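Residue numbers are given in our numbering: position 67 of the sequence shown equals residue 442, and the series is strictly consecutive.
Written below as structure tokens is the structure these notes are about.
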Amino acid sequence: MVHTCVVAGCKNRRTPGTTLSFYRFPRDPERKQRWVAAVNRAGWVPNDGSRLCSTHFISKQVKNPHSPDYVPSVFTPVPFFPDMKEPGALEILDKQEARVEAANALLFLQGQGSSAVDGPSQDGRHEKEAPEAAVEKSGSSSFSTDEDEEHDEASERDRKKGKFAQMSEISVNFDDILKALKKENRALRESVEKMALSENAFRNDAEKVKFYTGLPNYFVLETVMWLLAPHMDGMKNTKLSKFQQLLLTLMRLRLDLRNQDLGYRFGVKVGTVARTVHRMVNIMSSTLVPTAVFWPSRAELRKNLPTALRATHPDCAVIVDCFTVPLEEPASTGTEHGRQETALPRAKGMAQSYSSLKYLIGVAPQGVVTFVSRGAPGSVSDKSLAEGCGFLCKLLPGDVVLACRDLDIADSVAARGALFKIAGKGEARARSEGSAGPDVESETVVVQRHVERVISMVKQRYTMLTGPVESPFSTACERTSNLSTFDKIVQVACALNNLCISAAPLE
């Protein structure tokens, strides 16, 4: 069956050897209505045989609602001329006029032939007419004939002139459309040049660096590139340079753009984008994270301890808290509550179902992130997460672990010779005894604000951490490190945040 595109003015047909694809209208009522609205044909309703060709999509139609190709968007305006009732109207008009002219010529020749036959059988009285009358009649007759012929020729010229004027008017309209398209093309080129993703475009534009990567300036971006470049030699990608591979990954973390969007921006396939992001995250996790996220020495902590804690908690080593990231809901039908939780394989081979990931984060009093755990199911208790993520191994005897709420890890911390304190307990006791001053700000509020500030800073700088997490990032675990790709992304985001600021002081 031959399919023809239903868009007005589009003449694409499914023929043998064509490279075009023809798509049915979707079954989903909402998406189908959006397709019909995009086609923009008044009163038209698609049927089972209606097809839309692939030229009306940026690449090809996809089922991802976040993709620009979820609905057709490429439509070329088709000019409409009232005098052209249908394609080929001028050709039909020319053929009809040619037939009329041929018929008139035949009638003229028939008239000439009949007058020649009837001429010799005329009465003799015509021969006896006066020469003057004959000459006068002949002159007037020839004058009339010449005048008619001149009139016919003038009308023919006017008719042809009007016809060509109409055709020239049509060509002028096409010229106007062509000029408008060229103007739009120039504007698009200028816009594309402004959004160029080359290294030179970022070199002297700090705002562009901050918007696309989250880093404060090109110097920090160049430093990250210098750290990662030796480990990128084994990555074979002829279309993307090392800088573009790093930029693509940072844009994925910073702006949470989907793979198809990034593929369109960088001119590569979706699979290339996915492979590049996973490889770059692995490289940054193994090189950048150990450099920027580390547990400082006790001497360094005491040297730079903020004044807010110097009097109350001089031995404070870390401030801990937990945060969660929601997971993306699967496309399949959910449970009776309307959502189906995702199952992620864990280290012990046990599959659990949950809808969020939970992380334990440790923040130094100076404001830098010093520890990030791997992701755990959102239903896991704080105590189980702290005991199983390796956080306790970082503590030394005499360290003070501070928190703004009870995480139920006091016994586990005490087993390492350290002390777990909840900020504000001493202040509450002092207030109950009446010894606390009214001008002293609540210690609980200060500590809570400090941790929340650091966590929100990381999430705002790299919006991918706000979720929801896509399943390819949350399920792909390495056997050696037992970390999913998203666990590494969280650690990389904290490392990049530490590079952006020297400290977010607790004051």
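In this text, a Cβ means the ideal position worked out from N, Cα and C, and glycines have one as well.
Just so we're clear, the structure is a prediction, and the values are computed from it rather than from any experiment.
Taking Cβ to Cβ, would you say residue 796 is nearer than 8 Å to residue 829? Residue mapping note: residue 796 aligns to position 421 of the sequence shown, counting from 1. Residue mapping note: residue 829 aligns to position 454 of the sequence shown, counting from 1. Not in contact: residue 796 and residue 829 (Cβ atoms no closer than 8 Å).
How many angstroms separate the CA atom of residue 589 from the CA atom of residue 621? Translated into positions along the sequence shown, residue 589 becomes position 214. Translated into positions along the sequence shown, residue 621 becomes position 246. Going by the C-alpha atoms only, they are around 13 Å apart.
Pairwise C-alpha distance: residue 748 and residue 765: Here residue 765 corresponds to residue number 390 of the sequence shown, with the count starting at 1. Here residue 748 corresponds to residue number 373 of the sequence shown, with the count starting at 1. Cα to Cα, the separation comes out at about 8 Å.
To the nearest angstrom, how far is the alpha carbon of residue 377 from that of residue 412? Residue 377 sits at position 2 when you count from the first residue of the sequence shown. Residue 412 sits at position 37 when you count from the first residue of the sequence shown. So the two alpha carbons sit approximately 24 Å from each other.
Considering only their Cβ atoms, is the gap separating residue 740 from residue 681 smaller than 8 Å? By one-based count along the sequence shown, residue 681 stands at place 306. By one-based count along the sequence shown, residue 740 stands at place 365. Yes, the pair counts as a contact, with Cβ atoms nearer than the cut-off.
Within 10 Å of its beta-carbon, does residue 440 have 16 or more other beta-carbons around it, so buried, or fewer, so exposed? Locating residue 440 in the sequence shown gives position 65, counting from the first residue. By the 10 Å Cβ count, residue 440 comes out exposed.
Could you please give the first and the last residue of the uninterrupted alpha helix (DSSP H) stretch that includes residue 863? Position 488 of the sequence shown, counted from the first residue, corresponds to residue 863. Note, residue 863: alpha helix (DSSP H), 860-875.
Taking one C-beta from the region 595-611 and one from the region 380-398 each time, how about it: are there three or more such pairs within less than 8 Å? no
So what does DSSP say about residue 604, is it helix, strand or coil? Walking along the sequence shown from the start, residue 604 turns up at place 229. Looking at residue 604 - three-state DSSP - the assignment turns out to be helix.
Buried or exposed for residue 711, please, with buried defined as at least 16 other CB atoms from any protein chain shown within 10 angstroms of its CB. Working through the sequence shown from its first residue, we reach residue 711 at position 336. Residue confidence is low: residue 711 scores 42 on pLDDT, short of 50, so the model does not pin down where it sits. Its coordinate-derived value is still stated next. Exposed, by the Cβ-count rule.
Quick check on the DSSP output: the alpha helix (DSSP H) that includes residue 432 runs from which residue to which? For the purposes of this step, residue 432 is taken as the residue at position 57 of the sequence shown. From DSSP, residue 432 is part of no alpha helix (DSSP H); its letter is neither H nor E.
Would you identify the three-state DSSP class for residue 440, choosing helix, strand or coil? As a working mapping, residue 440 is identified with position 65 in the sequence shown. Of the three classes helix, strand and coil, the one that applies to residue 440 here is coil, per DSSP.
The region 770-789 contacting the region 647-666, beta-carbon criterion three pairs below 8 Å: no
Tell me whether residue 833 is buried or exposed, calling it buried when 16 or more other Cβ atoms sit within 10 Å of its Cβ. The sequence position of residue 833 within the sequence shown is 458, counting from 1. Buried, because 16 or more other Cβ atoms sit within 10 Å of the Cβ of residue 833.
Under a Cβ-count criterion, where at least 16 other Cβ atoms within 10 Å of its own Cβ denotes burial, should residue 420 be classed as buried or exposed? As a working note, residue 420 is residue 45 in the sequence shown. It is exposed - the Cβ of residue 420 has fewer than 16 other Cβ atoms within 10 Å.
Beta-carbon separation (whole angstroms), residue 699 vs residue 753, contact threshold 8 Å: The residue given as residue 699 occupies position 324 in the sequence shown. The residue given as residue 753 occupies position 378 in the sequence shown. Indeed they touch by this definition, with Cβ atoms about 5 Å apart.
For residue 432, which option in 450, 843, 417 has the closest C-alpha, if you only look at C-alpha atoms? Taking the first residue of the sequence shown as position 1, residue 432 is located at position 57. Among 450, 843, 417, the Cα nearest to that of residue 432 is on 450.
Taking its Cβ as the centre, do 16 or more other Cβ atoms sit within 10 Å of residue 423, making it buried, or is it exposed? Sequence index remark: in the sequence shown, residue 423 carries index 48 (1-based). It is exposed - the Cβ of residue 423 has fewer than 16 other Cβ atoms within 10 Å.
So, using beta-carbon positions, are residue 626 and residue 637 closer together than 8 Å? In the sequence shown, counting from the first residue as 1, residue 626 sits at position 251. In the sequence shown, counting from the first residue as 1, residue 637 sits at position 262. The answer is yes: Cβ separation under 8 Å.
Local conformation of residue 702 per DSSP, three classes: The sequence position of residue 702 within the sequence shown is 327, counting from 1. In the structure shown, residue 702 sits in a strand (DSSP, three-state: E or B).
Exposure label - residue 594; buried when at least 16 CB within 10 Å: Looking up residue 594 in the sequence shown gives position 219. Per the 10 Å Cβ criterion, exposed.
Straight-line CA distance for residue 762 to residue 665? As a first step, residue 762 must be located in the sequence shown, where it is residue number 387. As a first step, residue 665 must be located in the sequence shown, where it is residue number 290. In a straight line, the C-alpha of residue 762 is about 21 Å away from that of residue 665.
Rounded to the nearest angstrom, how far is the Cβ of residue 645 from that of residue 778, given a contact under 8 Å? Here the question's residue 645 lines up with position 270 in the sequence shown. Here the question's residue 778 lines up with position 403 in the sequence shown. Wrong, their Cβ atoms sit about 43 Å apart, outside the cutoff.
Have a look at 639, 403, 416 and flag the residue whose alpha-carbon is nearest the alpha-carbon of residue 623. Along the sequence shown, one-based indexing puts residue 623 at 248. For residue 623, the nearest C-alpha among the options comes from 639.
Just to confirm my understanding: we take residue 442, look at its own chain, exclude 5 residues before and 5 after, and list those with CB closer than 6 Å. What are they? In the sequence shown, counting from the first residue as 1, residue 442 sits at position 67. Counting only Cβ-Cβ distances below 6 Å, and skipping sequence neighbours, we find 635.
What is the DSSP secondary structure of residue 797, counted as helix, strand or coil? Reading the sequence shown from its first residue, position 422 is the one you call residue 797. Looking at residue 797 - three-state DSSP - the assignment turns out to be strand.
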